[in-house]
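**Q** Handing you a structure now.
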Amino acid sequence: MPDYSVRLDGDDLIFSAAHFILLPDGICEPLHGHNYRVAVEIAGPLDDVHCVVDFIALGTVLKSILRELDHAVLLPRHSPVIRVKEDEGEVEVTFPPRRWIFPAVECRILPLAGTTVELMARYLAERLIAAVADAGFDPPTRLRVEVEESPGRRAICDVK
Ligand SMILES: [Zn+2]
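Under the working numbering, think of the first position of the sequence shown as 82, with each following residue one higher.
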């Protein structure tokens, strides 16, 4: 029995965002940005019309998720050391002795321990799994998300 998968990538699967992460020595990067590129592979059995998934529907869902992240500051809600507090339209981020204040509307506080490209790939994979279920498609047997933060530097997350 052959295995099937489909892959979405292209110049429209991008978002530009700011972030910073902790480096292994405990140093916190300065705030900076990336033009992220995303690719998705989804594997599963063929449906009644001999497709793994509706390409157009999947692309539409993925682009709407990427639009949420575009032109935003990405912050981790679950970092053990970077504190993120939202109050009265502002977000205060602290990593003593450093402190940043952002307009809340320009921040996306993500349910992650850090905004590494690896965890961003997992976040997108989990969002897509949920979106596929919401759209009534059968669950994929495997979903792979690749997130590239600069040319040649990408993380890959496989779920299932
Ligand atoms: Zn970075």
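We treat Cβ as the ideally placed atom computed from N, Cα and C, and that holds for glycine.
So if I measure from each beta-carbon to every heavy atom of ligand 1 and keep distances below 6 Å, which residues remain?
**A** Taking a cut-off of 6 Å from the heavy atoms of ligand 1, the residues with a C-beta inside it are H100, H113, H115 and E230.
**Q** Closer than 7 Å by C-beta to P192: which residues in its own chain qualify, once you throw out the five before and the five after it? Chain order, please.
**A** R158 and H159.
**Q** Just to confirm my understanding: we take V226, look at its own chain, exclude 5 residues before and 5 after, and list those with CB closer than 6 Å. What are they?
**A** V121, A202, L205, A206 and C238, listed in sequence order.
**Q** From I210, E229 and V228, pick the residue whose C-alpha is nearest to that of G125; which is it?
**A** I210
**Q** Would a C-beta distance cut-off of 7 Å place V228 and V119 closer than the cut-off?
**A** yes
**Q** Would A153 and E187 qualify as a contact pair, given that the criterion is a beta-carbon distance under 7 Å?
**A** yes
**Q** Cutting at 6 Å between CB atoms, please list the residues of its own chain near T197, excluding the five before and the five after it.
**A** I102
**Q** Is the beta carbon of I146 closer than 7 Å to that of R208?
**A** yes
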